[in-house]
Amino acid sequence: MTDGPRAWVLAASTDASRALRPLIAAHERERPVRVVTTDGAADHAVLGEHLEGAEACLLVGERRRSPRGALPGPFLAAPGGRLVPAGWLPDAGENLGGFAEAAARVLARGEEAGPVAVLAQWHQRYLRLADRMEANLAGTRFPVLRWSAERITRDDVADALGLGIGLAVYFGHGRPSGWAGYRGMRAHHLAGRDEPIGAVISATCRTASRWRTGMSFSERLVLEGAAASSVGAVVPVEHLENMRWMLGLAAALRAGERRIGRVLLHAAPPGVAAGSAYRIIGDPLAPVAGTRVGARRAQKVWAPAPDEPIEGRAPAFA
């Protein structure tokens, strides 16, 4: 046990640490921060004893390193075996500053809950997962926004996600370049919006994989400032495992977890915590919190179910 808040650990080169200064300063207002200089080394092994008493860590390494090679999973073991949420970020030069500004803005939102956008490809298997996620979040502090592909177009959901929401969870087919749903969603569709998303979880295959692409969808989301953190898989994932993650995510949010790394720790299915296919990209302590104005605007987004009466309603994005 430690007294007081646990530390946020950043392992990065001198130049990368300088670019990430806005995020470092934002964390320093809430908790101890340890900066580990990794000039000439970019492996998670450099963290070692620095994880003692850590709440989470962010490893910034060479751009050529992939999420799969950089981290063994979404968590690292601290001395004594305690699991610590671990994020990865490729050193992409000028993009680091944009990420740091976006992540610092999200961190400043504090513990404001949600809202949660439930996204899904227009396919019965994934719509059923979205149904279960929505049902399991009923009665929580989190307002739930159902923005699956049978209800809303790609352009409208991209605009809606940029209003300033806490968490977006996608169910459906995925690939290293993005989501198959919404007739293909790429990181550039979500970049340049009003407010970054707190966290994006792609409960699908390979959105954090570099297979046949220079940079994965999950990495681009954070480097382009669309989200403070993004969770994606580096390999194909079984539908049953995604179902288990979905149930765990809902349970974590019901239990009051508000930081994406803590949400994943709580949500991890038994036996897969250390060796999961998923990776955290960006800040593992990003709160799943939106802005108050954004939350109100998001509630008004026009995304009716196919059988829902729509008389008297007007599109939010005309």
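For reference, each letter of the sequence shown is one residue, going 7 to 324 in the numbering used here.
Glycine is no exception: its CB is placed at the ideal position from the N, C-alpha and C atoms.
Small disclaimer: the values here were computed from a predicted structure and weren't measured.
Check whether residue i and residue j have beta carbons under 7 Å apart
i    : j    : result
P182 : T219 : yes
A197 : A123 : no
T159 : G180 : no
A60  : V90  : yes
A166 : V206 : no
A283 : V237 : no
S23  : D45  : no
W94  : L133 : no
A326 : G204 : Nothing in the structure corresponds to residue 326, since the chain is present only between 7 and 324.
G2   : R199 : Any property of residue 2 remains undetermined from this structure, which presents the chain solely from 7 to 324.
A109 : L29  : yes
W14  : L271 : no
A42  : H33  : Ala is not the amino acid found at residue 42; the sequence shown has Val there. The answer is no: Cβ separation not under 7 Å.
R69  : A98  : yes
L255 : A274 : no
F177 : A119 : no
F223 : G184 : yes
G231 : E201 : no
P121 : A304 : yes
E156 : W128 : yes
R35  : P11  : no
P293 : R115 : yes
A193 : R226 : yes
Delimiting residues of the beta strand (DSSP E) encompassing residue i
i    : result
E244 : Element bounds for E244: n/a, residue is neither H nor E.
L95  : L89 to P96
R152 : V150 to R152
L16  : A13 to A18
R40  : V39 to T43
L125 : V122 to A126
Nearest-angstrom Cβ-Cβ length linking residue i and residue j, presumed shorter than 8 Å
i    : j    : result
A92  : G187 : The Cβ separation is near 28 Å, so there is no contact.
I286 : S235 : 6 Å
H195 : A164 : 5 Å
G67  : P85  : That pair is no contact at about 22 Å.
A31  : C63  : Between C63 and A31 the Cβ distance is about 18 Å, and since that is not below 8 Å, they are no contact.
L246 : N142 : L246 to N142, Cβ: 17 Å. No contact.
L53  : L77  : L53 to L77, Cβ: 10 Å. No contact.
Extent of the continuous alpha helix (DSSP H) to which residue i belongs
i    : result
A268 : The residue asked about is misnamed: residue 268 is Arg in this sequence, not Ala. Looking at the DSSP string, the run of the alpha helix (DSSP H) that includes R268 is I266 to A273.
R147 : R147 -> no alpha helix (DSSP H), and no H or E assigned at all.
A114 : Unbroken run through A114: none, as it is neither H nor E.
A155 : No alpha helix (DSSP H) holds A155; DSSP gives it neither H nor E.
A31  : R27 to E34
L133 : Q130 to N142
Heavy atom of the ligand COA within 6 Å of residue i beta-carbon
i    : result
A311 : The ligand COA is not part of the structure shown, which contains no ligands of any sort.
Every unbroken beta strand (DSSP E) within the region 178-234, with a cutoff of 3 residues, ordered by chain: 203-209
field: Length-filtered (4 minimum) alpha helix (DSSP H) runs lying within the region 285-321
entry: 298-305
task: Could you say if the region 137-154 and the region 263-270 meet the contact criterion of at least three C-beta pairs nearer than 8 Å?
output: no
message: Any contact between the region 295-311 and the region 91-106? By contact I mean 3 or more CB pairs, one from each, below 8 Å.
response: no
message: Which complete beta strand (DSSP E) runs does the region 50-88 hold, if anything under 3 residues is left out?
response: 60-67 and 81-83
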